[in-house]
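**Q**
In the working numbering, the protein residues as written are 31 to 521.
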């Protein structure tokens, strides 16, 4: 009986040791939740396994209670009751502790899982956002960033804030400094990543806004410059239709105004091309938009180069026409003045030549010299015709109102009258001088004949011994010569 009593008492002490170990377990650090949870679960299983020991001991006490002293029985029963109470408390405490540990572990695992998911999301964010924006127009990109992407970031910020609250709660529940430091690092990492994402998205939105403004400015500038270039090209490609000198001067002023306008637009064009090249260097623009901007820039450069070449060509043509018009105008004025001088000179010759034979000879000599001058000056008349023909060859519609042509015709008419007048006057004077020469020759012949006749008559009358018939024959010969001279005088 004593042995059984001692065995029961020892068994109760051993079971009390289990309770003490559980109390000691509750005092341990819970830093390593998994390990501590395993220990608690092992202790819980141990309690469950030894629960039957309590029932067996109670049954054994009941069996030997009739043989034991009542005080011994009461002592064993009290010790067993206390142990059962402690046992129940230990089971309840372990259950609560296991539940708490399981919950904490679940919370830790949930936090770790969410944390890893967020890290993965962050790592894939740029790879996901680029395909989402790829192929869209700049304006659509901006709207997507401002709406869809920004909403994603806002939702993700809420998610991170909840995760931060969860992390701080876990941090407050932990006593392990290492674990607290790890959670703190993860909290800082979460905040840093989220702030970085928000800043990057906002930077991208701002950059896209700048690019969008650049693109809109480029398109608007292109439309404005294209409309201006259309107008300038239309004006420069018009056929020259100047009909007179005044209209040509107006045309020259128009070309100069266009040249100044092109020079004024050089700064605008350079700024627009620089803006286009800056857009081409942007990496956040879709390939389709890049191709469009590239084609637009090439078109602008080609049209701008063609426009500058065209204005140079038109200015060269204008300068050539100006030189031709100026040459022909100067030549017409010079020839007109020359003809006026010649007409005055011709009048002056007639006035200053005097009367009589000497006057005629002086006038004839002056006119001969004057005719040689006219022959040389005829080249100037020919120059006018050549200049006019050259202008009409290069620009057929020039002088369409015949202003220059009429002036040339007037000069030609005056020149013709002048030369014909000089020619007829020379012809008349030459004829008069010829008549006077014939008259002088006849006069000299008649004087010679009269002298010979006087000598002949003197000889026939006083000195000649010739027969009368011979004297008559000699007189007849003289008479025939006299009749010839009379005929010349009469003619």
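C-beta atoms are modelled at their ideal positions from N, C-alpha and C, and glycine is treated no differently. Note that the coordinates shown come from a computational prediction; the quantities given were computed from them, not determined experimentally.
Any idea if residue 104 is buried or exposed, counting beta-carbon neighbours within 10 angstroms, 16 or more meaning buried?
**A** Exposed.
**Q** Once the 5 residues before and after residue 414 are set aside, which same chain residues still bring their CB inside 8 Å of it?
**A** Hits under 8 Å: 358, 361, 362, 365, 438 and 441.
**Q** If residue 24 sits next to residue 131, beta carbons under 8 Å apart, how far is it from one beta carbon to the other, in whole angstroms?
**A** No statement about residue 24 is possible, as the shown extent of the chain runs from 31 to 521 and does not include it.
**Q** Would residue 81 and residue 117 qualify as a contact pair, given that the criterion is a beta-carbon distance under 9 Å?
**A** Yes, they are a contact pair.
**Q** Pick from 98, 286, 303 and 106: whose alpha carbon is nearest that of residue 43?
**A** Residue 106 is the option with its Cα nearest to residue 43.
**Q** Going by DSSP, what residue range makes up the alpha helix (DSSP H) through residue 312?
**A** Neither: residue 312 is in no alpha helix (DSSP H) and is coded neither H nor E.
**Q** Take residue 493 and list the residues in its own chain whose beta-carbon comes closer than 6 Å to its own, dropping the five residues that flank it on each side.
**A** Annotation note: pLDDT 48 at residue 493 (below 50); position unreliable, no value reported.
**Q** So is residue 110 buried or exposed if we call it buried at 16+ other beta carbons inside 10 Å?
**A** Its Cβ being crowded by 16 or more others within 10 Å, residue 110 is buried.
**Q** If you draw a straight line from the C-alpha of residue 254 to the C-alpha of residue 336, how long is it?
**A** In a straight line, the C-alpha of residue 254 is about 18 Å away from that of residue 336.
**Q** Near residue 283, what residues of its chain come up, given a Cβ to Cβ distance below 6 Å and the 5 sequence neighbours on each side ignored?
**A** Excluding positions up to five away in sequence, the list is empty.
**Q** If the criterion is Cβ atoms closer than 9 Å, does the pair residue 444 and residue 373 meet it?
**A** Yes, they are a contact pair.
**Q** First and last residue of the alpha helix (DSSP H) that includes residue 176?
**A** Here residue 176 belongs to no alpha helix (DSSP H), and DSSP marks it neither H nor E.
**Q** Say the cut is 8 Å; is the CB of residue 72 nearer than that to a heavy atom of the ligand NAP?
**A** Questions concerning the ligand NAP fall outside what the structure shown contains, since it holds no ligand whatsoever.
**Q** Given this structure, state the Cα-to-Cα distance separating residue 221 from residue 227, to the nearest angstrom.
**A** So the two alpha carbons sit approximately 10 Å from each other.
**Q** Is the beta carbon of residue 334 closer than 9 Å to that of residue 244?
**A** Cβ distance not < 9 Å, so residue 244 and residue 334 don't count as in contact.
**Q** In angstroms with no decimal places, state the Cα-to-Cα distance between residue 211 and residue 310.
**A** Whole-angstrom Cα-Cα distance: 48 Å.
**Q** So, for residue 503: in the same chain, excluding its five sequence neighbours on each side, which residues have a beta-carbon less than 6 Å away from its beta-carbon?
**A** Excluding residues within five positions, none has a Cβ falling inside 6 Å.
**Q** Within this structure, are the beta carbons of residue 266 and residue 288 separated by less than 9 Å?
**A** Contact flag set, yes.
**Q** What are the boundary residues of the alpha helix (DSSP H) that residue 222 is part of?
**A** Unbroken alpha helix (DSSP H) run through residue 222: 207-267.
**Q** Judging by CA-CA distance, which residue of 121, 403 and 170 is the nearest neighbour of residue 246?
**A** It is 170.
**Q** Looking at the structure shown, is residue 45 part of a helix, part of a strand, or coil, going by DSSP?
**A** Residue 45 falls in the helix class under three-state DSSP.
**Q** Answer yes if the segment 295-310 comes into contact with the segment 350-357, meaning at least three C-beta pairs across the two stretches below 8 Å, and no otherwise.
**A** Not touching, per the Cβ criterion.
**Q** Quick one: Cα of residue 34 to Cα of residue 100, how far?
**A** Taking the straight line from one Cα to the other gives about 16 Å.
**Q** What would DSSP say about residue 143, mapped onto helix, strand or coil?
**A** Of the three classes helix, strand and coil, the one that applies to residue 143 here is helix, per DSSP.
**Q** Throw me the rounded Cβ distance for the residue 141 and residue 196 pair, which I believe falls under 8 Å.
**A** Their Cβ separation, rounded to whole angstroms, is 5 Å, which keeps residue 141 and residue 196 in contact under 8 Å.
**Q** Can you check whether the CB of residue 115 is closer than 9 Å to the CB of residue 77?
**A** For residue 77 and residue 115, no; Cβs fall outside 9 Å.
**Q** Can you say whether residue 238 is buried or exposed, counting buried as having 16 or more other CB atoms within 10 angstroms of its CB?
**A** Buried: at least 16 other Cβ atoms inside 10 Å.
**Q** Answer with buried or exposed for residue 417, where buried requires no fewer than 16 other C-beta atoms within 10 angstroms of its C-beta.
**A** Classification of residue 417: buried, given that the 10 Å Cβ count is 16 or more.
**Q** Would residue 73 pass as a contact of residue 124 if the rule is Cβ separation under 9 Å?
**A** Yes, the Cβ-Cβ distance between residue 73 and residue 124 is below 9 Å.
**Q** Check whether the segment 310-326 touches the segment 339-348, counting contact only when three or more Cβ pairs, one atom from each stretch, lie closer than 8 Å.
**A** Cβ pair count under 8 Å is below three, so no.
**Q** Apart from the five residues just before and just after residue 354, which ones in its own chain have a Cβ nearer than 7 Å to its Cβ?
**A** Hits under 7 Å: 417, 420 and 421.
**Q** Residue 99 by DSSP, collapsed to three states: which one?
**A** Three-state result, residue 99: coil.
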